[in-house]
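*Asks:*
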Amino acid sequence: MRYPTYLLAGCVLIGGCDGDPTTAAPPKITEASASSVGNTGTFTYRCISPSDAFCSDNALFSRSSGIPTLAVSSQADFFFKKSGGTELPVVDVVSPTRLKLEANGRVTALLEGRAGILGSDGKNPSDAYNVRVAKIASFHLEALSGKFGFHAWFTSDKDEPLAGNIPCKWTIDDASVAKITTDPASTTVVIEFGNNGKTVLHLAYGTITHDIPVEVNR
Amino acid sequence: MSPRTALARYGAALAGLGLAATLVACSKSPPHVSLWSLDNRALCERQYKAPVSIREGIAEDFTIRLANYRIDSCSEIRGVGNVGVITMDLSNPAYPRALILGKAVGTGELSFTCKDDDDGTQTFALTVNVVAQDAIFPTTDRCKEDAEDKADAGDAATDASDAGKSDASDAGPGDAAPDASADGGR
Chain A
1 MRYPTYLLAG CVLIGGCDGD PTTAAPPKIT EASASSVGNT GTFTYRCISP SDAFCSDNAL
61 FSRSSGIPTL AVSSQADFFF KKSGGTELPV VDVVSPTRLK LEANGRVTAL LEGRAGILGS
121 DGKNPSDAYN VRVAKIASFH LEALSGKFGF HAWFTSDKDE PLAGNIPCKW TIDDASVAKI
181 TTDPASTTVV IEFGNNGKTV LHLAYGTITH DIPVEVNR
Chain E
219 MSPRTALARY GAALAGLGLA ATLVACSKSP PHVSLWSLDN RALCERQYKA PVSIREGIAE
279 DFTIRLANYR IDSCSEIRGV GNVGVITMDL SNPAYPRALI LGKAVGTGEL SFTCKDDDDG
339 TQTFALTVNV VAQDAIFPTT DRCKEDAEDK ADAGDAATDA SDAGKSDASD AGPGDAAPDA
399 SADGGR
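Line by line, the protein sequences are chains A and E. Its first residue numbered 1, the first sequence is counted upward by one per residue in our numbering. Its first residue numbered 219, the second sequence is counted upward by one per residue in our numbering.
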């Protein structure tokens, strides 16, 4: 899908296209919870950053369905609170080939399917939750409002929106025409315009790539 | 008595002794471990046949029953085998839980011990068959499969409601998403 250049010109004309998503209002949703396998407590999923589509404001996810499906390669934080106990980070995973518990406590999804995380009662692993993980089959772009940029979100081959901090890579060919002002690894990109001219904005996730032509006419 | 009759009676006596020996051996065999699905999520209560099949990478919760053995006399028991880990929560004697983790595909034995009132230690063994996530359970585990089917059906219903909400949000005013979201990068 190629973007019509008039969209970019219009954005320049109305101004305010150089905003920073980090200054936007904080997302309303930052977590989701679900009962543990043994019903002894609750596991909570938390977005690492607003870049996680689950915590964006685009309402892709059903908030009542609990912990969302993670994308392969994405990261998230998980916690367990035993009933009447204290919330603690997850302490282990069932299968390290499916999920990786990073040194900083974050969980990285490695393989599609279901994968167990283990919560502790403070002494020992005491209960579990089986996280769903799916491969990214396609991505979608949503234009930001009030600034020029996009938020990328991802879906599985069943068109299920996928959560997790997904490592994207945004690049632009000619920074004199347009410059990326946000973290190029974020799912959200904001562009600041420079000289008149044409360039191409690229989004890459693994083998998935997408090119967005950019033309600046001030 | 003919030699053949004597031999037959001797054989019968040997057989009787063998039967008695077998009965004694049975009475001294380790208590039988059985796993039951017994909660609101499983939608059925049924004993799982050995070996219990679980999927790789998944944690499953069971109620454990030890025939001829008082489980409430056990302190914490935990066992590890080559295909998984079994952790038990005995804090509620009416609902002793066994959380079984299928770590790697294969069949193995999870063994665990329980210390009884007389400070004796009893060892239990549970054979677990860890199958791939896309494997079909044998018919003996039909109950579990039923429960999973129900769970998947619930997920599908959730998916359907998600789809409806996504459509609605994509159609927001002044939003380039409808153009941008068409088959990007598939």
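From the three backbone atoms N, C-alpha and C, an ideal C-beta is built for every residue, glycine too. This structure is a prediction, so every number in the text was calculated from the model and none was measured.
1. Apply the 10 Å Cβ neighbour rule to residue 371 of chain E and answer buried if 16 or more other Cβ atoms are within range, or exposed otherwise.
2. Taking Cβ-Cβ distances below 7 Å as the criterion, which residues of the stretch 87-101 of chain A are in contact with chain E?
3. Nearest to residue 245 of chain A by CA position, among A:152, A:126 and A:119, is which residue?
4. Would you say residue 326 of chain E lies against chain A (beta-carbon separation less than 8 Å)?
5. Could you please give me the residues that DSSP links to residue 169 of chain A through a beta bridge?
6. Would you say residue 344 of chain E faces chain A, with C-beta separation under 8 Å as the test?
7. Starting from residue 313 of chain E, follow the beta strand (DSSP E) in both directions and report where the run begins and ends.
8. So with Cβ pairs under 8 Å, would you call residue 315 of chain E a contact of chain B?
9. Note down the Cα distance separating residue 56 of chain A from residue 309 of chain E, rounded to an integer number of angstroms.
10. Could you tell me whether the Cβ of residue 218 of chain A comes closer than 8 Å to any Cβ of chain E?
11. Compile a chain-ordered list of the residues in the stretch 34-51 of chain A whose CB is closer than 8 Å to at least one CB of chain E.
12. Around the C-beta of residue 159 of chain A, are 16 or more other C-beta atoms found within 10 angstroms, so that it is buried, or is it exposed?
13. Go through the stretch 77-118 of chain A residue by residue and report every complete run of the beta strand (DSSP E) that reaches 3 residues or more, in order.
14. Where does residue 142 of chain A land, buried or exposed, given buried means 16+ other C-beta within 10 angstroms?
15. CB residue 67 of chain A to CB residue 93 of chain A, shorter than 8 Å?
16. Look at the alpha carbon of residue 87 of chain A and the alpha carbon of residue 124 of chain A, and state the distance between them as a whole number of angstroms.
*Replies:* By the coordinates alone:
1. Interpretation of residue 371 of chain E is limited by its pLDDT of 47, a score under 50 that renders its predicted location unreliable; the figure taken from the coordinates is listed afterwards. Exposed, since its Cβ has fewer than 16 Cβ neighbours within 10 Å.
2. 94, 95 and 98
3. What is shown of chain A runs 1 to 218, which leaves residue 245 of chain A out entirely.
4. No, its Cβ sits nowhere closer than 8 Å to a Cβ of chain A.
5. A:204
6. With a threshold of 8 Å between beta carbons, residue 344 of chain E makes no contact with chain A.
7. Here residue 313 of chain E belongs to no beta strand (DSSP E), and DSSP marks it neither H nor E.
8. In the structure shown, chain B cannot be found, because the protein chains are A and E.
9. 41 Å
10. no
11. 37, 38, 39 and 40
12. exposed
13. 87-89, 99-101 and 107-109
14. Label assigned to residue 142 of chain A: buried.
15. no
16. 14 Å
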